[in-house]
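Note sheet for the following structure.
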Amino acid sequence: MWKIVCAILGYILGGFLGGLLGFIVGGFVDRGQKGQAFGGARNRANIRLQQDTFFRTLFLLMGRLAKSDGQVSEAEIQLAQSVMQRLRLSPAAQDQARQLFNEGKSAHFDLTSVLNTFKQTVGPGDLTRTLLEVLLVSAYADGHFSVEEKSFVSQVCAHLGVSVAEFDALHIQVKQQAHFRQGYSSSDSMGSKDVLKAAYELLGVTPEMSDADIKKAYRRLMSKNHPDKLSASGLPDEMIELAKERTQEIQAAYEMIKNIRK
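Heads up, the sequence shown is in numbering that gives the first Met the number 0, so the first residue is 0 and it goes up one at a time.
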């Protein structure tokens, strides 16, 4: 089940957040596996319930988010379809995922009930953050984060106990990562100054910092996201590949900054 969830996150979030969220989800899986060894059948049942609840909530909220601004865009429909194709789900599993997505779009969708179940079953922590990151990136599927979409995600945050400050920080992070990736992959879409600014933001540094401090920040990020480290945590191969993408993008940002500062 978690292999499916990781694949969903990796596809939706791409290199930057794919690596980051792979680490988060991988850590949850690793803790769950350790718990299984000591907790027996009861703990395995609890973990399975959390996994199923996360999967169900993810698709329901993706559907609701797509509908929040009045209509579901073609880009959002294509995103959902591409996720299914990427996962190579069985016909029955695809039907279930579509039903969840469509249920989220329904006028009769009970958001409060869904979030209460998620909160009671999963609780605060890494998976709540993961869920919100998926929603934020999904909101940008059509290239625009509308007022209605922001209101919906804010409502989810409030219900799950995520503060405004935490949400704002998460939103900034998503935009920064997407900003650099877009500029680096298409030199025509952004000016060189914008791409350089995005590179600084990706590393979490500023132009005023010393070369030594920037190098330290770079090394911290590389250590945190290194594929070998993530592999040791028990992540599936899909997430290791995404971790490689993230380290490549971190390296690209650092090399850009280093070359400019020579």
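Quick reminder that beta carbons are idealized off the backbone N, C-alpha and C, glycines included.
Owing to the predicted nature of the structure, the values given are computational and were not obtained by experimental measurement.
query: With 16 as the cutoff for other CB atoms within 10 Å, does Q77 come out buried or exposed?; result: exposed
query: Report, in whole angstroms, the separation of the C-beta atoms of L59 and G103, which I expect to be a contact under 8 Å.; result: 4 Å
query: Do you know offhand how far L159's Cα is from S112's?; result: 12 Å
query: By Cβ distance below 6 Å, which residues in the same chain neighbour A79 in space, the five residues on each side in sequence not counted?; result: F100
query: Buried or exposed for Q94, please, with buried defined as at least 16 other CB atoms from any protein chain shown within 10 angstroms of its CB.; result: The sequence given here has Asp at residue 94, not Gln. Exposed is the call here.
query: Quick one: what's got a C-beta closer than 6 Å to T127's C-beta in the same chain, skipping five residues either side?; result: L159
query: Of the residues I249, G62 and V204, which one's Cα is nearest the Cα of S137?; result: G62
query: Could you say which of F54, P206 and S67 lies nearest to H143 if we only look at CA atoms?; result: S67
query: Helix, strand or coil: which one does DSSP assign to P123?; result: coil
query: Report the residue from Y139, A211 and V155 whose alpha carbon sits nearest the alpha carbon of E73.; result: Y139
query: Where do the ends of the alpha helix (DSSP H) carrying R97 lie?; result: P90 to K104
query: Measure the C-alpha to C-alpha separation of V155 and R260 and round it to an integer number of angstroms.; result: 42 Å
query: Does DSSP put T270 in a helix, a strand or coil?; result: No information on residue 270 is available, as it lies outside the stretch 0 to 261 that the chain covers here.
query: Considering just the uninterrupted stretch of the alpha helix (DSSP H) at Y199, what are its terminal residues?; result: S191 to L202
query: Report the CB separation of L131 from V152 in whole angstroms; it is logged as a contact under 8 Å.; result: 7 Å
query: Between the alpha carbons of A168 and K149, how many angstroms are there, rounded?; result: 14 Å
query: Rounded to a whole number of angstroms, what is the C-alpha to C-alpha distance between K223 and A198?; result: 18 Å
query: Please classify G62: does DSSP put it in a helix, a strand, or coil?; result: helix
query: List the endpoints of the continuous alpha helix (DSSP H) containing K149.; result: V146 to H158
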